[in-house]
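Trainee: Residue numbers (my numbering): 245 to 515. Let me give you the structure first, and then I'll get to my questions.
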Ligand SMILES: Nc1ncnc2c1ncn2[C@@H]1O[C@H](COP(=O)(O)OP(=O)(O)O)[C@@H](O)[C@H]1O
Ligand SMILES: [Mg+2]
């Protein structure tokens, strides 16, 4: 294999400390413990994937980091500052397509910059550069409904990145795409990360995707979730899809498959 493994020696940027989340019961029902107390430290420029079975609390954890939900107990800090709500320092991409249907591709990507009051000329430069980076040149004036799912997600990624967030948070962003498109989107996002060196937290339940994208894979236990293991991924960059055929990749996939399998078995045994 060509290229060199990347060792991240950057300082810790995001700290999740003792974070848990209980949702109150509906109409007198039992409360749901969605996330057990969780600690996680993420260094700057890390590409962390969070892998776990459905319902284990991945989205809950990500939404708390995004400031879209509050922990029942615990704190999240970004560069030492507590997160108390959503902010431009965190960009979010969801699985379902969340573009503004009444805005063109260009205006969707420009949305955050317009909110911030960025001058017209600078805004155009930034928007054009991200439209290029996600390969949507020529589609600037299309409406979301005229785009394929993959193109919509490329627009959503460009919209999140155009704000220059410190952290990009993605919740199963490619989950609704066909396999072929999904693989291309993985490479596209990884390529952007390799060039821009952003901190990324990427939630997925797909083991292969988790390994391929990550500098570190965080696995979670079955519901109620907590962190089960953290696995460094020292596969070289630039990372090309052919790495998926390497023995190193297979070994990581097998290790994580066993971990996730044992969670699925435990979940089945305990209801
Ligand atoms: N707003 C909510 N109210 C009540 N229960 C919720 C809410 N959001 C999530 N849950 C429950 O918390 C658990 C974890 O959900 P979630 O974080 O969405 O898991 P994942 O993203 O790993 O599939 C699930 O049992 C889910 O039903
Ligand atoms: Mg989820």
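A virtual CB, placed ideally from N, CA and C, is assigned to each residue, including glycine. Bear in mind the structure is a predicted one, so any value in this text is a computation, not a measurement.
(1) Measure the C-alpha to C-alpha separation of residue 428 and residue 397 and round it to an integer number of angstroms.
(2) What number of angstroms, rounded off, separates the C-alpha of residue 490 from the C-alpha of residue 274?
(3) Comparing C-alpha positions only, which one of 448, 450, 324 and 410 sits nearest to residue 335?
(4) Exposed or buried, which one is residue 505 when buried takes at least 16 other CB atoms within 10 Å?
(5) According to DSSP, which residues form a beta bridge with residue 415?
(6) According to the neighbour-count rule (16 or more other Cβ atoms, all chains shown, within 10 Å of its Cβ), is residue 501 buried or exposed?
(7) For the alpha helix (DSSP H) holding residue 304, just list the boundary residues, first then last.
(8) Going by DSSP, what residue range makes up the alpha helix (DSSP H) through residue 402?
(9) Is the beta carbon of residue 262 closer than 8 Å to that of residue 290?
(10) Do you know offhand how far residue 246's Cα is from residue 480's?
(11) Where does residue 474 land, buried or exposed, given buried means 16+ other C-beta within 10 angstroms?
(12) Is it buried or exposed for residue 264, if we count other Cβ within 10 angstroms and need 16 for buried?
(13) So what does DSSP say about residue 430, is it helix, strand or coil?
(14) Taking three-plus beta-carbon pairs below 8 Å as touching, is the segment 416–426 in contact with the segment 342–353?
(15) Compute the beta-carbon to beta-carbon distance between residue 329 and residue 311, rounded to the nearest angstrom, for a pair I have assumed lies under 8 Å.
(16) Would you tell me roughly how many angstroms separate the C-alpha atoms of residue 401 and residue 378, rounded to the nearest one?
Mentor: Taking the coordinates as given:
(1) As a first step, residue 428 is located in the chain shown; it is residue number 184 there, counting from the start. As a first step, residue 397 is located in the chain shown; it is residue number 153 there, counting from the start. Spanning the two alpha carbons is a distance of roughly 12 Å.
(2) Sequence index remark: in the chain shown, residue 490 carries index 246 (1-based). Sequence index remark: in the chain shown, residue 274 carries index 30 (1-based). Between residue 490 and residue 274, the C-alpha separation is close to 47 Å.
(3) Here residue 335 corresponds to residue number 91 of the chain shown, with the count starting at 1. When only C-alpha atoms are compared, the closest one is 410.
(4) Locating residue 505 in the chain shown gives position 261, where the first residue counts as 1. With fewer than 16 Cβ atoms within 10 Å of its Cβ, residue 505 is classed as exposed.
(5) As a first step, residue 415 must be located in the chain shown, where it is residue number 171. DSSP output for residue 415 lists 447 as bridge partner(s).
(6) Counting from 1 along the chain shown, the entry for residue 501 is found at position 257. Per the 10 Å Cβ criterion, exposed.
(7) For the purposes of this step, residue 304 is identified with residue 60 of the chain shown, where counting begins at 1. Its alpha helix (DSSP H) spans residues 302–310.
(8) The residue you call residue 402 lines up with position 158 of the chain shown. Unbroken alpha helix (DSSP H) run through residue 402: 393–406.
(9) Start at 1 with the first residue of the chain shown, and residue 290 comes out as number 46. Start at 1 with the first residue of the chain shown, and residue 262 comes out as number 18. Not a contact, by the Cβ cut-off of 8 Å.
(10) In the chain shown, the residue the question calls residue 246 occupies position 2. In the chain shown, the residue the question calls residue 480 occupies position 236. Confidence in residue 246 is poor, its pLDDT being 42 and thus under 50, which makes the residue's placement too unreliable to answer from.
(11) In the chain shown, residue 474 corresponds to position 230, counting from 1. Exposed, because fewer than 16 other Cβ atoms sit within 10 Å of the Cβ of residue 474.
(12) Numbered from 1 along the chain shown, position 20 holds the residue referred to as residue 264. Buried, since its Cβ has 16 or more Cβ neighbours within 10 Å.
(13) Numbered from 1 along the chain shown, position 186 holds the residue referred to as residue 430. DSSP places residue 430 in helix when its eight states are reduced to three.
(14) no
(15) Residue numbering aside, residue 329 sits at position 85 when the chain shown is read from its first letter. Residue numbering aside, residue 311 sits at position 67 when the chain shown is read from its first letter. So it is a contact: roughly 4 Å between Cβ atoms.
(16) By 1-based counting over the chain shown, the position of residue 401 is 157. By 1-based counting over the chain shown, the position of residue 378 is 134. Rounded to whole angstroms, residue 401 to residue 378 spans 8 Å at the Cα level.
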